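Chemist: Okay, here's the structure, questions in a sec.
Numbering (this note's numbering), first residue to last: 2 to 456.
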């Protein structure tokens, strides 16, 4: 099982690591591509923007220049000069960023056209300042400056188209990179699905085999328990007849014997057969309980009579051990619907255990009180108590609270629990190490619906 858990954990970790690595690689790839391409795209878009601004600056120079040539207005001249400065600055800015592949020569052409355009514009302004005839300046303006502006516009068009083509290539490249990463990611997911399916299939098979083995083992265990219980019942039943015969012969030997030694031996045999009879009854009870055939025959029983009988049985034992056995019945005249002999069997077990472990000079108390529709019986002692980790197992079969010279079969509490449960009651224990223990059980005051049925 430990090896199986380790393999399962390793498979899960492997799948998780692969998924995380693939996702990190994909995210990193997307980030690198996006950063690089966005930088490139911004550079190309900036060049296009500068080219269009340069085109607009050229048109502004033409319009303000024409206005100045016609009006000779100083304000128009100032605007013209300002427009020319802005044009030069934009030309320098365009030249500074035009470093991408294929755009260098186009930028040079733009710069050459722009310089020619600006040079001609300056000549026309100088001619206007020298009072050249306005008609001749207009002709020169149309024949010499306008063609240079158009040439500048065409060179700018070529540069812009080139940049647009570059942008298209960038977008296409980005798309290819994204497709490649998407293909890689889908491939990774497919691989993880295959790996996950393989791991799941493997562990499903392992789990199925383990479940089959467990079920097989449980079936073998059930058969073994059934065979053991059947054997125990058969053996216990078959032992009764020869045991009864031994007891009868021992009683006859005691009655007819004239020797004190023989009578003593006969009494020892009778005592031994009584113990064996009790053990056989316990074995039969356990077999019946585990086979689901145990039942009780409940009748109306007087609680005072049950307590009195218990005191009578164990009073002599308590005196012999120097222990006070005290009844504490809070309400007289209580009755329960129960199997009297079986209730006495439960009390005999609890009182016997209490007297066994109670120290000399202490007290064992049998208390009885009504609790709603039930009567609670409790046996308390001040013995060594029970460890906390042992409390959940007190009523398990073969559990024993043992000290030296205090042995038992470990069936008494198990049988007591079965008897109480068959009556529809509950049994429990409260204990602290060194402070003794209190065993309690309840019996119904009215006959429960399941009484008389198998437990």
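For each residue, glycine too, the CB sits at the ideal point set by N, CA and C. If you're wondering where the values come from, they're calculated on a predicted model, not measured in any experiment.
Determine, using beta-carbon pairs with one atom in the segment 73-90 and one in the segment 151-158, whether at least three such pairs fall under 8 Å.
Modeler: no
Chemist: Just curious, the alpha helix (DSSP H) that residue 139 is in, first and last residue?
Modeler: 135-141
Chemist: DSSP puts residue 432 in a beta bridge; with which residues?
Modeler: 438
Chemist: How many Å lie between residue 114 and residue 98 at the Cα?
Modeler: Near 18 Å, if we compare the C-alpha coordinates of residue 98 and residue 114.
Chemist: Going by DSSP, what residue range makes up the beta strand (DSSP E) through residue 75?
Modeler: Taken as a continuous stretch (DSSP letters only), residue 75 belongs to no beta strand (DSSP E), being part of the alpha helix (DSSP H) at 75-98.
Chemist: Between which two residues does the beta strand (DSSP E) holding residue 458 run?
Modeler: Any answer about residue 458 is impossible in this case: the structure gives the chain only from 2 up to 456.
Chemist: Considering only residues of the same chain and omitting the five flanking positions on each side of residue 449, which have a CB-CB separation below 6 Å?
Modeler: Any reading at residue 449 must be qualified, since the residue scores a pLDDT of 49, below 50, and its modelled position is unreliable; no value is offered.
Chemist: Excluding five sequence neighbours on each side, which residues of the same chain lie with their C-beta closer than 6 Å to the C-beta of residue 341?
Modeler: 302
Chemist: In whole angstroms, what separates the C-alpha of residue 74 from that of residue 118?
Modeler: 22 Å
Chemist: Strictly by DSSP, which residues pair up with residue 303?
Modeler: 336
Chemist: Classify residue 356: buried if its beta carbon has 16 or more other beta carbons within 10 angstroms, exposed otherwise.
Modeler: buried
Chemist: Once DSSP output is grouped into helix, strand and coil, what is the label at residue 106?
Modeler: helix
Chemist: Which of helix, strand or coil does DSSP assign to residue 359?
Modeler: In the three-state reduction of the DSSP assignment, residue 359 falls in the coil class, being assigned neither a helical nor a strand state.
Chemist: Count the CB pairs spanning the segment 321-338 and the segment 356-374 that are closer than 8 Å, and state whether there are at least three.
Modeler: yes
Chemist: How would you call residue 294, buried or exposed, if buried means at least 16 neighbouring beta carbons within 10 angstroms?
Modeler: exposed
Chemist: Once DSSP output is grouped into helix, strand and coil, what is the label at residue 131?
Modeler: coil
Chemist: If we count Cβ pairs, one from each stretch, closer than 8 Å, do we get three or more for the segment 56-71 versus the segment 126-133?
Modeler: Yes: the two stretches touch, three or more of their Cβ pairs being nearer than 8 Å.
Chemist: From residue 158 to residue 95, what does the alpha carbon distance come to, in whole angstroms?
Modeler: About 14 Å.
Chemist: When the Cα of residue 166 is compared with those of 208, 219, 46 and 123, which residue comes out closest?
Modeler: 46
Chemist: Answer with buried or exposed for residue 304, where buried requires no fewer than 16 other C-beta atoms within 10 angstroms of its C-beta.
Modeler: buried
Chemist: If you follow the beta strand (DSSP E) that residue 417 is part of, which residue opens it and which one closes it?
Modeler: Note, residue 417: premise wrong, no beta strand (DSSP E); alpha helix (DSSP H) at 413-423.
Chemist: Assuming residue 420 contacts residue 372 under a Cβ cut-off of 8 Å, what Cβ separation, rounded to an integer in Å, is found between them?
Modeler: With a Cβ gap of about 19 Å, residue 420 and residue 372 do not count as contacting.
Chemist: Could you name the residues of the same chain whose beta carbon sits closer than 8 Å to that of residue 436, not counting the 5 residues immediately before and after it, in chain order?
Modeler: 383 and 386
Chemist: Please state whether the Cβ-Cβ distance between residue 431 and residue 439 is less than 7 Å.
Modeler: yes
Chemist: Here's the rule I'm using: 16 or more other beta-carbon atoms within 10 Å means buried, otherwise exposed. How should residue 352 be labelled?
Modeler: buried
Chemist: Does residue 385 come out as helix, strand or coil in the three-state DSSP assignment?
Modeler: coil
Chemist: Taking DSSP as the reference, what is the three-state secondary structure of residue 368?
Modeler: strand
Chemist: Can the beta-carbon of residue 121 be found less than 7 Å from the beta-carbon of residue 143?
Modeler: no
Chemist: If we ignore side chains and look at the alpha-carbon of each, how far apart do residue 434 and residue 299 end up?
Modeler: 36 Å
Chemist: Looking only at its own chain, which residues have a Cβ that is under 7 Å from the Cβ of residue 316, when we skip the five neighbours before and after it?
Modeler: 326
Chemist: What do you get for residue 163, buried or exposed, if any count of 16 or more other CB atoms within 10 angstroms of its CB means buried?
Modeler: buried
Chemist: To the nearest angstrom, report how far apart residue 210 and residue 203 are at their CA atoms.
Modeler: 11 Å
Chemist: Among 39, 320, 344 and 141, whose alpha-carbon lies nearest the alpha-carbon of residue 172?
Modeler: 39
Chemist: Please report the straight-line C-alpha distance between residue 212 and residue 205, rounded to a whole angstrom.
Modeler: 10 Å
Chemist: Per DSSP, what kind of secondary structure is residue 427 in: helix, strand or coil?
Modeler: coil
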